[in-house]
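**Q** Pasting a structure below so you can have a look.
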Amino acid sequence: MLETSTRMSTVIPDRLWSELTEALILLLFDAAYILVAIFMIYKLWRMNRVKQPVTPSGQSGTNKSFLLFKKSLFASDCMIMWVYAFIKAIWLLQFEWKYGSVMCKLYRFTSSVAFFSNSNIVCGIALDRYLSVYSNHIIGVRQHERTKRLLYLVWIIAIIAALPQLIVWETYRPSSEDWEQCVTVFAIEIHELPAESARRDKFNFYSMLYEAYHQCMAFWLPLSITFCSYARMMSRLIPFWPFSALNSYEDERQETLCTIFWGKITDRIRTFVCVTIFRRKSHTSQQSASVPLAGTTRHPPTTALRRQLGTTVFKNACAIIFVHVVLWLPYNILSLSRFVNEGFYESISQNGGNLFELLILLNSFINPILYSGGSNTVNRV
């Protein structure tokens, strides 16, 4: 997925068993994904047509923000399965690149956009949940517009980050025979330089640096942002344990303050303080917390925080992010091993290590199961 160099020899190498196995599995994945895509397109179409009830404030209860994430993630999954995986399967079966230099560049560029956007969208989902907590769970037009801007940014970053692929990848014939491959300019330079040339170390360094950039943009940087978002979000939600939804802001104020400050006081004193004093004060706070905003609904601050963990969107977001990290991690850890011991990396890759990449494709199969649920009702935001 993220390799930035291809080892070449002066003769045509033997086909590896893992390459043929990978090609056959990729074709099976692509064929099966047709059914998944048909189901998902129908599901998204149904979600788009659902008419939501109108709240007493006069605005629709629909929150289509998460639906935008679903559509973008589905588009990214389709690019991974039908651009990257399908063309790679044909490439492995033919055992050479037969489509010219322009297609080599476009294939690598489009594949990188697919992987970058996939990780970025998952990161965007985490940021969206984080912003929902820290903006007191604003629902409506503003949240929808914020999500659209976030997704525009996600795709723009993916496209810009993938632009170097148009320069780095070239077609090359490493042997005297009529056998061509799509490889990086770093691999070409290293192959053509004499074994004793000092410039080989320089191009090896450039190759490693470029691969580090790719791995960072495709997985490690989005993972770091996702982790930080959830860590910050949970640090704000945990003080309000247990995370049960409350009926009113008054009850919430009573529960949280009493738990923290009056936990060791007798029941009689706690009842007097909470019911007699806090209920009166909370009315003023509630009035100031519910100032209407154009096109939005704002819940009281801690009500929004505590509602987060019980919503369908929050649960779906957690499931998507968790599965993404679990299935992408093995291949990316294997890729990191190249920076520690390149000999180990080459040995593992040639003996089936690259099959870890299939876990990433499996993620594209599981994603529709995770994000096809829910109906975006007002209680599921």
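Sequence positions in the sequence shown follow our numbering and run 20 to 400.
Quick reminder that beta carbons are idealized off the backbone N, C-alpha and C, glycines included.
The model shown is predicted, which means the values in this text are computed figures rather than measured ones.
I'd like the list of long-range same chain contacts for Trp116, defined as Cβ closer than 7 Å, with 5 residues on each side in sequence excluded.
**A** Trp110, Cys123, Thr190, Glu199, Gln200 and Cys201
**Q** Leaving aside the five residues before and after Gln162 along the sequence, list all residues of the same chain whose C-beta is less than 6 Å from its C-beta, in chain order.
**A** Ser84
**Q** Which complete beta strand (DSSP E) runs does the stretch 138-181 hold, if anything under 3 residues is left out?
**A** none
**Q** Cβ atoms of Phe48 and Leu13: under 7 Å apart, would you say?
**A** The displayed coordinates of the chain run from 20 to 400. Any statement about residue 13 would go beyond what the structure contains.
**Q** Indicate the three-state DSSP secondary structure (helix, strand or coil) for Trp188 in the structure shown.
**A** strand
**Q** Can you look up Ser79 in the DSSP assignment and give me helix, strand or coil?
**A** Any reading at Ser79 must be qualified, since the residue scores a pLDDT of 41, below 50, and its modelled position is unreliable; the value itself is stated next. Note: Ser79 maps to strand in three-state DSSP.
**Q** Hey, quick one: how far does the beta strand (DSSP E) through Val202 stretch, first residue to last?
**A** From DSSP, the beta strand (DSSP E) with Val202 extends over Gln200 to Thr203.
**Q** Going by the CB atoms, is the gap between Phe224 and Glu208 shorter than 7 Å?
**A** no
**Q** Three or more C-beta pairs under 8 Å: does that hold for the stretch 354-373 against the stretch 223-239?
**A** yes
**Q** Would you check if the distance between the CB atom of Ala338 and the CB atom of Leu377 is smaller than 7 Å?
**A** Taking 7 Å as the cut-off, the Cβ atoms of Ala338 and Leu377 do not count as close.
**Q** Taking C-beta to C-beta, are Phe238 and Asn382 nearer than 7 Å?
**A** no
**Q** DSSP three-state call for Lys117: helix, strand or coil?
**A** Coil at Lys117, not helix or strand.
**Q** Buried or exposed: which applies to Ser368, given that a residue is buried once 16 or more other Cβ atoms fall within 10 Å of its Cβ?
**A** Sixteen is the threshold: when 16 or more other Cβ atoms of the shown chains lie within 10 Å of the Cβ of Ser368, as they do, the residue is buried.
**Q** Considering just the uninterrupted stretch of the alpha helix (DSSP H) at Asn360, what are its terminal residues?
**A** Looking at the DSSP string, Asn360 is not in any alpha helix (DSSP H), and its letter there is neither H nor E.
**Q** Given a cut-off of 7 Å, decide if Ala336 and Ile144 are closer than it, judged by their beta-carbon atoms.
**A** yes
**Q** Taking the straight line between their C-alpha atoms, what separation do you get for Phe333 and Lys90?
**A** 17 Å
**Q** Phe135 and Ala180 look like a contact to me (Cβ under 8 Å); what is the Cβ gap, rounded to whole Å?
**A** By a beta-carbon distance limit of 8 Å, Phe135 contacts Ala180. Their separation comes to about 5 Å.
**Q** To the nearest angstrom, how far is the alpha carbon of Pro32 from that of Met66?
**A** 51 Å
**Q** I believe Arg165 touches Leu150 by the beta-carbon criterion, under 8 Å. Please report the beta-carbon distance rounded to the nearest angstrom.
**A** 7 Å
**Q** Just to confirm, is the Cβ distance from Asn386 to Asp96 under 7 Å?
**A** Yes, Cβ-Cβ distance for Asn386 and Asp96 is below 7 Å.
**Q** Rounded to the nearest angstrom, how far is the Cβ of Val173 from that of Ser130, given a contact under 8 Å?
**A** About 17 Å; that fails the 8 Å criterion.
**Q** Here's the rule I'm using: 16 or more other beta-carbon atoms within 10 Å means buried, otherwise exposed. How should Ala50 be labelled?
**A** exposed
**Q** Using only the alpha-carbon positions, how far apart do Phe341 and Pro193 sit?
**A** 42 Å
**Q** When burial is assigned at 16 or more other CB atoms within 10 Å of the CB, is Pro213 buried or exposed?
**A** exposed
**Q** Between which two residues does the alpha helix (DSSP H) harbouring Val55 extend?
**A** For Val55, the enclosing alpha helix (DSSP H) starts and ends at Trp36 to Arg68.
**Q** Measuring CB to CB, does Met98 end up less than 7 Å from Ala42?
**A** no
**Q** How is Asn422 classed by DSSP in three states: helix, strand or coil?
**A** A query on residue 422 cannot be resolved here, the shown segment of the chain reaching from 20 to 400 and no further.
**Q** Cα separation between Tyr12 and Tyr249?
**A** Since the first residue shown for the chain is 20 and the last is 400, residue 12 is missing from the structure and cannot be characterised.
**Q** Which same chain residues, not among the five before or five after Leu112, have their C-beta less than 7 Å away from its C-beta?
**A** Ala42
**Q** Can you tell me the Cβ-Cβ gap for Ile12 and Phe88, rounded? I've got them flagged as a contact below 8 Å.
**A** Residue coverage of the chain in this structure runs from 20 to 400, which leaves residue 12 outside it and unanswerable.
**Q** Look up Ser216 in the DSSP assignment and say whether it is helix, strand or coil.
**A** coil
**Q** Is the Cβ-Cβ distance between Phe375 and Pro349 less than 7 Å?
**A** yes
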